[in-house]
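Student: So the number in the numbering used here is just where the residue sits in the sequence shown, counting from 1, plus 16. All C-beta atoms, glycine included, are put in the ideal place defined by N, C-alpha and C.
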Amino acid sequence: MLIYPSLSPSLDGLYAVTPDTPDSDWLMPRVSAVLAGGARIVQYRSKSHDAGLRREQATEIQALCREHRALFIVNDDVSLAERLGADGVHVGRGDTSVTEARRLLGPQAIIGATCHDRPELARQAITAGASYVAFGAVFPSATKPDVVSAPLTLFADLPPLGVPVAAIGGITVENASLAWRAGTNMLAVIAGLFYSADPATAARAILAARR
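1. Residue 162 to residue 196, Cα distance in whole Å?
2. Spatial neighbours of residue 188 within its chain, please: CB distance less than 7 Å, with the 5 preceding and 5 following residues excluded, ordered by chain position.
3. Determine, using beta-carbon pairs with one atom in the segment 111-130 and one in the segment 60-73, whether at least three such pairs fall under 8 Å.
4. Straight-line CA distance for residue 144 to residue 69?
5. In this structure, how does DSSP classify residue 183 when only helix, strand and coil are distinguished?
6. Buried or exposed for residue 110, going by 16 or more other Cβ atoms inside 10 Å?
7. Please list the segments of the alpha helix (DSSP H) lying wholly inside the segment 118-173, counting only runs of 4 or more residues, in order along the chain.
8. For residue 121, I'd like the list of residues in its chain whose CB is within less than 8 Å of its CB, leaving aside the five on either flank, ordered along the chain.
9. To test your reading of the DSSP string, which unbroken alpha helix (DSSP H) runs of 4 or more residues are found completely within the segment 50-96?
10. Note down the Cα distance separating residue 214 from residue 155, rounded to an integer number of angstroms.
11. Could you check if residue 82 is buried or exposed, using at least 16 other CB atoms within 10 Å of its CB as the buried criterion?
12. Cα separation between residue 76 and residue 44?
13. Less than 6 Å between C-beta atoms, sequence neighbours within five positions excluded: which residues of the same chain meet that for residue 53?
14. Report the three-state DSSP secondary structure of residue 194 (helix, strand or coil).
15. In three-state DSSP terms, what is residue 47?
16. Classify residue 29: buried if its beta carbon has 16 or more other beta carbons within 10 angstroms, exposed otherwise.
17. Can you tell me whether DSSP reads residue 203 as helix, strand or coil?
18. In terms of residues, what are the limits of the beta strand (DSSP E) holding residue 32?
19. What residue range does the beta strand (DSSP E) around residue 178 cover?
20. Could you tell me the alpha carbon to alpha carbon distance between residue 135 and residue 192, rounded to whole angstroms?
21. Are there 16 or more other CB atoms within 10 angstroms of the CB of residue 166, so buried, or fewer, so exposed?
In structure tokens form, the structure reads like this:
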């Protein structure tokens, strides 16, 4: 029988998702800044076909997360997460299944699942072993302009799921309070952090909007 993390105090707060860029000199100071600003989880997201670059960037980001006592999650690439000993992996539809990710990474790994605007996908993912589920985009997203939208009312209408829930998509300092008030455990943010003029200040402001 699978044993996997459910509601964890670690899976709470600001969830930083890195933009897809080959420019490590641009990326790493920003990862450090959002961690200094209070992000407790960082997801490394890269669709590059350069396996060496992905491993190099992921290794650097994992070291920064360890320094700040934050969780390190890899997007989609279960093999990379396994090789590095990452805290977990996040999978979407069309990626490695939750079941397979759990089998490969073991009972203690954090497995996140994208569920778009569909609570039934969340229930299926949790049954398969997901540690948390994510819904979005909750606002128009420049990173994924064609992604399915998820209304903020979805979070209030969700039945108890037993795992933390994240909102993602178009979240910024200006609208973070609306997303927090919808009733989510985590805000997953890409552009609103990393393309900010001051990522550390943006991270603090997004967290402050929860109060």
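Tutor: Put simply:
1. Counting from one through the sequence shown, the residue named residue 162 turns up at place 146. Counting from one through the sequence shown, the residue named residue 196 turns up at place 180. Taking the straight line from one Cα to the other gives about 23 Å.
2. Position 172 of the sequence shown, counted from the start, is the residue given in the question as residue 188. Closer than 7 Å at the Cβ level, and outside the excluded window around residue 188, lie 208.
3. no
4. As a first step, residue 144 must be located in the sequence shown, where it is residue number 128. As a first step, residue 69 must be located in the sequence shown, where it is residue number 53. Going from the Cα of residue 144 to the Cα of residue 69 covers about 31 Å.
5. Taking the first residue of the sequence shown as 1, we reach residue 183 at position 167. The answer is strand: DSSP assigns residue 183 an E or B state.
6. Counted from its first residue, the sequence shown places residue 110 at position 94. Label assigned to residue 110: exposed.
7. 135-144 and 169-173
8. The count along the sequence shown starts at 1 and reaches residue 121 at position 105. Within the same chain, residue 121 has close Cβ partners 94, 97, 98, 104, 105 and 127.
9. 67-83
10. The residue you call residue 214 lines up with position 198 of the sequence shown. The residue you call residue 155 lines up with position 139 of the sequence shown. Cα-Cα distance, rounded: 21 Å.
11. Here residue 82 refers to the residue found at position 66 when the sequence shown is read from its first residue. Exposed, because fewer than 16 other Cβ atoms sit within 10 Å of the Cβ of residue 82.
12. Numbered from its first residue, the sequence shown carries residue 76 at position 60. Numbered from its first residue, the sequence shown carries residue 44 at position 28. Going from the Cα of residue 76 to the Cα of residue 44 covers about 8 Å.
13. Counting from one through the sequence shown, the residue named residue 53 turns up at place 37. Counting only Cβ-Cβ distances below 6 Å, and skipping sequence neighbours, we find 216, 219 and 220.
14. Locating residue 194 in the sequence shown gives position 178, where the first residue counts as 1. It is helical.
15. As a position in the sequence shown, residue 47 is number 31, starting the count at 1. Reduced to three states, the DSSP call for residue 47 is helix.
16. Taking the sequence shown and counting its residues from 1, the one referred to as residue 29 is at position 13. Residue 29 should be labelled buried.
17. Taking the first residue of the sequence shown as 1, we reach residue 203 at position 187. Looking at residue 203 - three-state DSSP - the assignment turns out to be strand.
18. Here residue 32 is taken as the residue at index 16 of the sequence shown, counted from 1. It spans 29-33 - the beta strand (DSSP E) in which residue 32 sits, taken as one unbroken run.
19. Position 162 of the sequence shown, counted from the first residue, corresponds to residue 178. Unbroken run through residue 178: none, as it is neither H nor E.
20. Taking the sequence shown and counting its residues from 1, the one referred to as residue 135 is at position 119. Taking the sequence shown and counting its residues from 1, the one referred to as residue 192 is at position 176. So the alpha carbons of these two residues sit roughly 22 Å apart.
21. Looking up residue 166 in the sequence shown gives position 150. The residue in question, residue 166, is buried, as its Cβ has 16 or more Cβ neighbours within 10 Å.
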